[in-house]
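Here is the structure we will look at, set down as structure tokens.
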Amino acid sequence: MKEREIDHSATAIVRMEKLNKHFGELHVLKDVDLSVTPGEVVVIIGASGSGKSTLIRCINGLEEFQSGRLEVDGKVLEPHGKAGQTLQQIRTEVGMVFQQFNLFPHLSVLDNITLAPRKVRHSSREEASQTARRLLERVDIADQAEKFPNQLSGGQQQRVALARALAMEPRLMLFDEPTSALDPEMIGEVLDAMRELAREGMTMVIVTHEMSFAREVADRVIYIHEGEIVEQGSPEDVFDNPEHERTRSFLSRVL
Ligand code: ADP
Ligand code: MG
Numbered sequence: 001m002k003e004r005e006i007d008h009s010a011t012a013i014v015r016m017e018k019l020n021k022h023f024g025e026l027h028v029l030k031d032v033d034l035s036v037t038p039g040e041v042v043v044i045i046g047a048s049g050s051g052k053s054t055l056i057r058c059i060n061g062l063e064e065f066q067s068g069r070l071e072v073d074g075k076v077l078e079p080h081g082k083a084g085q086t087l088q089q090i091r092t093e094v095g096m097v098f099q100q101f102n103l104f105p106h107l108s109v110l111d112n113i114t115l116a117p118r119k120v121r122h123s124s125r126e127e128a129s130q131t132a133r134r135l136l137e138r139v140d141i142a143d144q145a146e147k148f149p150n151q152l153s154g155g156q157q158q159r160v161a162l163a164r165a166l167a168m169e170p171r172l173m174l175f176d177e178p179t180s181a182l183d184p185e186m187i188g189e190v191l192d193a194m195r196e197l198a199r200e201g202m203t204m205v206i207v208t209h210e211m212s213f214a215r216e217v218a219d220r221v222i223y224i225h226e227g228e229i230v231e232q233g234s235p236e237d238v239f240d241n242p243e244h245e246r247t248r249s250f251l252s253r254v255l
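End of the sequence shown = 255 in full-length UniProt numbering, gap-free, step of one.
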């Protein structure tokens, strides 16, 4: 399905080196190294509680970490969350879609999408609305612009959340189990929108339990266990020929 080429000599968008994260006594991320190249789609898999959410939340500064190096789109995030200015910049350049859609319930679909471009990017109402309508068309819900979140299905809400993130023209998109809160019949429409985004060349880091989707879109699959990257490689390598017993045992439970 890939129509895109990844230039591995390009400067990495995410460069994480020996990152360590603790929640009190709990050592959640252990010397994690992760580099993401522009245009690359990285899928992170692993059991519940293994640190997947924490890992991607570190990338856009939603969680601070205690040691290691992290650079996102050329900006350095300091341990202990020191650089406030950098954090603002990173959140502007990095889009995130959560398991719970986190839409603003009191705003229409259109206003949900135009809010950040108007406030942060200082786009005009006119310009922001045009972009929003174009994005809604792209995620196939152009006719829902005037509705409020609670008038939409879960799958539609998640597509609004995706459009809202894209409205900021992010360089990188992070997804944390974007389909886990959806009824089964709605999972496909959200995965379709993500598939399309991957095809267009968006750089994406995705946590998901949808293994066949992972196999299809991922350039690289990373298996994380108790805060450590145990194994990574192409979907074929990881799914068909896992090297580590832990990976095999995880896959035998989820595939
Ligand atoms: P995953 O997304 O893989 O299920 P998480 O990153 O959410 O895993 O969590 C990793 C570990 O960190 C778990 O043991 C979890 O209980 C713990 N954890 C996550 N968030 C917090 C928090 N805010 N405070 C304390 N412990 C947390
Ligand atoms: Mg999680």
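Cβ coordinates follow ideal geometry from the N, Cα and C atoms, glycine included.
Which residues does DSSP pair with residue i in a beta bridge?
i      : result
Asn20  : Ser67
Ser35  : Arg15
His27  : His22
Lys75  : Val72
Val190 : Val190 is not bridged to any residue.
Gly95  : Met173
What are the boundary residues of the beta strand (DSSP E) that residue i is part of?
i      : result
Thr203 : Thr203 to Val207
Glu228 : Glu228 to Gly233
Val109 : Where Val109 is concerned, there is no enclosing beta strand (DSSP E), although the alpha helix (DSSP H) it sits in stretches over Val109 to Lys119.
Leu172 : Leu172 to Asp176
Val41  : Val41 to Ile45
Could you spell out the range, first to last residue, of the alpha helix (DSSP H) harbouring residue i?
i           : result
Phe213      : Met211 to Val217
Arg220      : That residue, Arg220, is in no alpha helix (DSSP H); its beta strand (DSSP E) goes Arg220 to His225.
residue 260 : With the chain running from 1 to 255 in the structure shown, residue 260 is simply not present.
Ile59       : Lys52 to Ile59
Phe250      : Glu245 to Val254
Val139      : Where Val139 is concerned, there is no enclosing alpha helix (DSSP H), given that its DSSP letter is neither H nor E.
Val160      : Gly154 to Leu166
What residues in its chain sit with their C-beta under 8 Å from that of residue i, if we drop five residues either side in the sequence?
i      : result
Ser50  : Ile224, His225, Glu226 and Gly227
Val160 : Phe101, Leu103, Val109, Asn112, Ile113, Leu136, Val139, Ile141, Gln144, Pro149 and Leu152
Thr37  : Ile6, Asp7, His8, Ala10, Ala12, Ile13 and Thr203
Ser129 : Leu110 and Thr114
Leu87  : Gly61, Leu77 and Gly81
Glu146 : Ser108, Val109 and Leu110
If I measure Cβ to Cβ from residue i and keep anything under 7 Å in the same chain, skipping five residues before and after, which residues do I get?
i      : result
Gly154 : Ala181, Leu182, Asp183 and Met186
Val254 : His209 and Met211
Ser252 : none
Leu162 : Val97, Val139 and Ala193
Arg215 : Pro235 and Phe239
Between which residues of its own chain and residue i is the CB-CB distance below 6 Å, once the five residues before and five after are set aside?
i    : result
Met1 : Low confidence applies here, because Met1 scores a pLDDT of 48, under 50, leaving its location unreliable and the question unanswered by this model.
Check each residue's C-beta against every heavy atom of the ligand ADP and list, in chain order, those closer than 6 Å. Phe23, Leu26, Val28, Gly46, Ser48, Gly49, Ser50, Gly51, Lys52, Ser53 and Thr54
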